[in-house]
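**Student:** I have a structure I would like to understand better, so I am pasting it below and will then ask my questions one at a time.
Residue numbers (my numbering): 381 to 721.
Here you go:
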């Protein structure tokens with residue numbers, strides 16, 4: 381059965397690798413993009429669990445079509461009640477019993493409105509569904525969500541959504557803070573760090589997302605932050621007994637070579653405690669990251685390119701830089717940097 385998964389722009393190659401590890405290279409397609417998300421198609425059994433930390437949404441595919449075709453012909457390739465029924469083995473265990481008159485919602489994303497408007501595609505799909513399922517009810521929110529995504533210049537995919545907000549936000553956070561990291565991004569950073577025997581340290585832990593993702597993956601983890609409100613949020617969001625300490629990342633109360641990896645999202649811009657001289661703080665913090673990490677241990681940082689970051693971290697430590705991965709978050713471009721201590 382065909383599926384596709386969505387993740388943040390830039391994380392598609394990592395998600396593809398993760399799905400390949402679960403289903404095999406022949407079952408996973410190339411990374412596509414719908415204008416808002418990276419999209420990775422794959423094949424799996426109808427009830428086979430999708431064990432991925434890098435996915436924000438999963439769909440069972442109902443059809444594909446060419447957006448250059450007339451709209452009604454495109455919709456005929458995307459939707460049919462027969463194909464919906466064939467997808468029930470995959471959808472029923474996740475969506476549950478829907479009853480005879482379920483509500484449904486159509487979401488459409490197109491990369492170009494040259495041939496038709498996004499709303500035209502949405503409305504034509506809605507009419508097509510009602511012709512074959514006249515007892516269904518358009519609704520928002522709705523238990524049945526049909527997403528039509530243009531993922532290439534000549535391809536639109538229609539999928540029945542199998543996930544909900546719980547996949548995107550995991551179990552949710554008890555306490556939210558502005559700018560809190562998306563769980564999928566934290567998971568990507570930990571994947572790039574690789575497995576470690578010693579604990580993972582997040583020295584700018586904020587509300588604790590990286591620490592929580594590390595613990596969920598079976599790792600030991602330590603969080604630190606200078607902000608009292610950040611540590612209060614982390615304590616509320618993390619299991620009781622999680623190691624948390626109040627500290628400046630540029631002066632960590634951690635023994636040298638004590639952690640297996642440093643994985644963190646340092647503050648920047650207006651968030652920066654040392655906004656008057658961010659380069660100086662970044663220089664001192666990176667020196668601490670190298671000191672506390674075991675020899676050769678990964679240092680994974682999420683930080684946008686900036687003159688301060690370039691001068692304090694990238695240029696002086698170019699020989700330690702192993703990879704960089706550009707991602708988009710709420711329309712803003714940032715970068716995951718992978719160094720070795």
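Even for Gly, the Cβ is constructed at its ideal location relative to N, Cα and C. What you are looking at is a predicted structure, and each value in this text was computed from that prediction instead of being measured.
Between residue 702 and residue 676, what straight-line distance do the alpha-carbon atoms span, to the nearest angstrom?
**Tutor:** When rounded, the distance between both Cα atoms is 11 Å.
**Student:** Kindly identify the DSSP beta-bridge partner or partners of residue 739.
**Tutor:** Because the chain is modelled from 381 through 721, residue 739 falls outside the range shown and cannot be assessed.
**Student:** Compare the Cα-Cα distances from residue 482 to each of 459, 488, 458, 523 and report the closest residue.
**Tutor:** Nearest option by C-alpha distance: 523.
**Student:** Measure the CB-CB distance between residue 583 and residue 664 and report whether it falls below 9 Å.
**Tutor:** No. Outside cutoff.
**Student:** Cα separation between residue 571 and residue 595?
**Tutor:** The straight-line gap from Cα to Cα measures roughly 13 Å.
**Student:** Going by DSSP, what residues sit across from residue 421 in a beta bridge?
**Tutor:** Residue 421 pairs with 384.
**Student:** For residue 581, which option in 455, 409, 637, 454 has the closest C-alpha, if you only look at C-alpha atoms?
**Tutor:** It is 637 whose Cα lies nearest to the Cα of residue 581.
**Student:** Can you give me the Cβ contacts of residue 495 inside the same chain, cut-off strictly under 8 Å, excluding the 5 residues immediately before and after it?
**Tutor:** Around residue 495: 447, 448, 451.
**Student:** Jot down the residue ranges of each uninterrupted alpha helix (DSSP H) in the stretch 577–661, minimum 4 residues, whole runs only, in chain order.
**Tutor:** DSSP runs (the alpha helix (DSSP H)) wholly in the stretch 577–661: 589–596, 608–617.
**Student:** With DSSP collapsed to three states, give me the class of residue 697.
**Tutor:** Three-state result, residue 697: coil.
**Student:** Out of 708, 567, 388, which has the shortest C-alpha to C-alpha gap to residue 432?
**Tutor:** Cα-wise, what sits closest to residue 432 is 567.
**Student:** Please state the DSSP three-state secondary structure of residue 708.
**Tutor:** Residue state, collapsed to three classes: strand.
**Student:** Given a cut-off of 9 Å on the beta-carbon distance, is the pair residue 542 and residue 471 in contact?
**Tutor:** Contact flag set, yes.
**Student:** Determine the direct distance from the alpha carbon of residue 519 to that of residue 598, and round the result to whole angstroms.
**Tutor:** Those two C-alpha atoms are separated by around 40 Å.
**Student:** If you draw a straight line from the C-alpha of residue 386 to the C-alpha of residue 673, how long is it?
**Tutor:** Going from the Cα of residue 386 to the Cα of residue 673 covers about 33 Å.
**Student:** Grab the span of the beta strand (DSSP E) containing residue 443 for me, first residue to last.
**Tutor:** Where residue 443 is concerned, the enclosing beta strand (DSSP E) stretches over 437–445.
**Student:** So the candidates are 535, 707, 642, 681; which of them puts its Cα closest to the Cα of residue 577?
**Tutor:** Considering only alpha carbons, the answer is 642.
**Student:** Check whether the Cβ atoms of residue 700 and residue 667 lie closer than 9 Å to each other.
**Tutor:** Not in contact: residue 700 and residue 667 (Cβ atoms no closer than 9 Å).
**Student:** For the stretch 454–469 against the stretch 410–421, are there 3 or more C-beta pairs whose distance is under 8 Å?
**Tutor:** The stretch 454–469 is not in contact with the stretch 410–421.
**Student:** Determine whether the beta carbon atoms of residue 602 and residue 623 lie at a separation below 9 Å.
**Tutor:** Yes. Within cutoff.
**Student:** On a Cα-Cα basis, can you pick out the residue from 506, 504, 488 that is closest to residue 498?
**Tutor:** Nearest option by C-alpha distance: 488.
**Student:** Pull the bridge partners of residue 405 from the DSSP assignment, please.
**Tutor:** Residue 405 is not bridged to any residue.
**Student:** Please report how far the alpha carbon of residue 732 lies from the alpha carbon of residue 445, in whole angstroms.
**Tutor:** What the structure shows of the chain is the stretch from 381 to 721, and residue 732 is not part of that stretch, so it cannot be assessed.
**Student:** What's the gap between the Cα of residue 661 and the Cα of residue 628?
**Tutor:** Cα to Cα, residue 661 sits roughly 10 Å from residue 628.
**Student:** Looking at C-alpha atoms only, which residue of 491, 648, 564 is the closest neighbour of residue 348?
**Tutor:** For residue 348 there is no data in the structure shown, the boundaries of the chain being 381 and 721.
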